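Q: Below is the structure I would like to discuss, written out as structure tokens.
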Amino acid sequence: MDTIYDAKLLIVDDNAELLALLCEQLRGAGYGHIRTAQSCAAARACFAAEQPELMILDINLPDGDGFSLFRALRAKADVPALFLSARDADADRLFGLGLGADDYLTKPFLMQELLLRVQHILQRAYRAELSRTKPAPLQLGERCVDLNDAIVTLPEGKTLALTATELALLRKLAENRGHIVTYDALCAAVWGADYYGYENSLGVHIRHLREKLEAEPGAPQFLRTVRGIGYKLTKGEEA
């Protein structure tokens, strides 16, 4: 896969309404390859027809339980998995993680939290595969960005250097071009898991980045704010 959004997802839950909502939200975030199942039998059939790159599994299913299903599917292939369950007891969570699941999220949950966890699992599990693709020059209107050398070339030939922070931000946005990247995801990409306290600095770095990427930084065409959520680096046809 070239980006995490190329990943094939398998969602298993017996709640049809929740399945529809999950599909809607994941597709809205940019994931285009999603299969669903409402039972263990249907999940096994989906897995056999097309091996997913991430499984999202409920535990309470009509013909079995998600723990047993996970073990059966993992015996066939080492596919990352996230348990999604109403069981919130520590024993269940620890049991699921002990089986080898990558994460465990209890219902009810914030949809944005689920999207972040899916993003993090895919990035962690497929880091080597994703890193094999050397980033091509990033064309933003008449400006060209070399993400390898951290250089922005202006139309007249003048070049501007990106700082390490600006480069980290732009790499994260470029990896997800056309998709929203949340404030939290951007902060984590730049400052790591312990980014608390840096949130206010993010806007300052974005402003400096726009001054180098945009012909009119005050009315950006490419590096857009998605109010209350994060930022998005638009594709050419969106600009």
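Numbering (the UniProt record's numbering), first residue to last: 1 to 239.
Glycine is no exception: its CB is placed at the ideal position from the N, C-alpha and C atoms.
Quantities reported herein were computed from a predicted structural model and do not represent experimental measurements.
Which runs of the alpha helix (DSSP H) spanning at least 4 residues fall entirely within the UniProt domain "OmpR/PhoB-type" (135-235), listed in chain order?
A: Listed in chain order, the complete alpha helix (DSSP H) runs (minimum 4 residues) inside the UniProt domain "OmpR/PhoB-type" (135-235) are 164-175, 183-191, 199-213.
Q: For P62, does the count of other Cβ atoms within 10 angstroms reach 16, so buried, or fall short, so exposed?
A: Flag for P62 reads exposed.
Q: Tell me the rounded alpha-carbon separation between C144 and Q221.
A: So the two alpha carbons sit approximately 14 Å from each other.
Q: With H, G and I counted as helix, E and B as strand and the rest as coil, what does DSSP make of V79?
A: Here V79 sits in coil by DSSP.
Q: So, at 6 Å on beta carbons, what are the nonlocal neighbours of A101 in its own chain, with the 5 sequence-adjacent residues on each side left out?
A: Hits under 6 Å: A81, F83.
Q: From the DSSP output, read off the bridge partner residues of S85.
A: Answer is T106.
Q: Between L154 and E216, what straight-line distance do the alpha-carbon atoms span, to the nearest angstrom?
A: Rounded to the nearest angstrom, the two C-alpha atoms are 13 Å apart.
Q: Taking DSSP's pairing of strands, which residues face T36 in a bridge?
A: According to DSSP, T36 bridges with I11.
Q: For G98, does the three-state DSSP call read helix, strand or coil?
A: It is helical.
Q: From G64 to P137, what does the alpha carbon distance come to, in whole angstroms?
A: For G64 and P137, the distance between alpha carbons rounds to 50 Å.
Q: Let me make sure I understand the geometry here. Which of R227, E214, T165 has the alpha-carbon closest to that of V204?
A: V204 has its Cα closest to that of T165, out of R227, E214, T165.
Q: I want to know whether the region 42-62 touches the region 11-24 - three or more CB-CB distances under 8 Å.
A: Touching, yes.
Q: Less than 9 Å between the beta carbons of D184 and L116, yes or no?
A: In this structure, L116 lies closer than 9 Å to D184 by Cβ.
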